[in-house]
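Student: Read left to right, the sequence shown gives residues 25 to 166 (this note's numbering).
The beta carbon of each residue, even a glycine, is placed where N, CA and C say it ideally should be.
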Amino acid sequence: MRLLTAGESHGPGVLAVLDGVPAGLAISASDIDADLRRRQLGYGRGARQTIERDAVRITGGVRQGHTTGAPIALQIANRDAVNWERVMSVEPVAEPPAAVTRLRPGHADLAGALKFGHEDVRDVIERASARETAARVAAGAI
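Quick look at the structure:
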């Protein structure tokens, strides 16, 4: 099996593509949603957990409640994305947000900035976020 995740913490959503799942496995969005709810119960969860009510949207690889053998595509929307549209815009904006240059201890900020050559670590922060684990939990539920 192979897992690919995409999306950012404050973007429109997080995605997972799970490849290598055999055809005929019974699966439903409600089964996955149950595990997403469990993810939100953990100790030390931030205020973000009160904003997001995770629900998966299966966009490929499942038909009539069973896997087809094709890659399974999962999407989890970020409800808070509307408040971050300017910061997270795919297209250039007239007034770009201020760069995030202060590195946080214990996070992936420094490693990501060095690996990708970012002066603004926002791109690292958005990917190396606890929010990204929602995509992994959804895939793991399968």
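So, does the stretch 114-133 touch the stretch 144-159, judging by three or more C-beta pairs under 8 Å?
Tutor: The answer is yes - the stretch 144-159 touches the stretch 114-133, with three or more Cβ pairs under 8 Å.
Student: Under DSSP, the beta strand (DSSP E) around A30 begins and ends at which residues?
Tutor: Run containing A30: R26 to G31, per the beta strand (DSSP E) assignment.
Student: How would you write the range of the beta strand (DSSP E) that V145 sits in, first residue to last?
Tutor: Here V145 belongs to no beta strand (DSSP E), and DSSP marks it neither H nor E.
Student: For L42, report the span of its beta strand (DSSP E) as first-last.
Tutor: First-last of the beta strand (DSSP E) with L42: G37 to D43.
Student: Under 8 Å Cβ to Cβ from S153, same chain only, skipping five residues before and after it: list those, please.
Tutor: Hits under 8 Å: E32 and S33.
Student: Just to confirm before moving on: does the CB-CB distance between E150 and G37 stay below 8 Å?
Tutor: No, they are not a contact pair.
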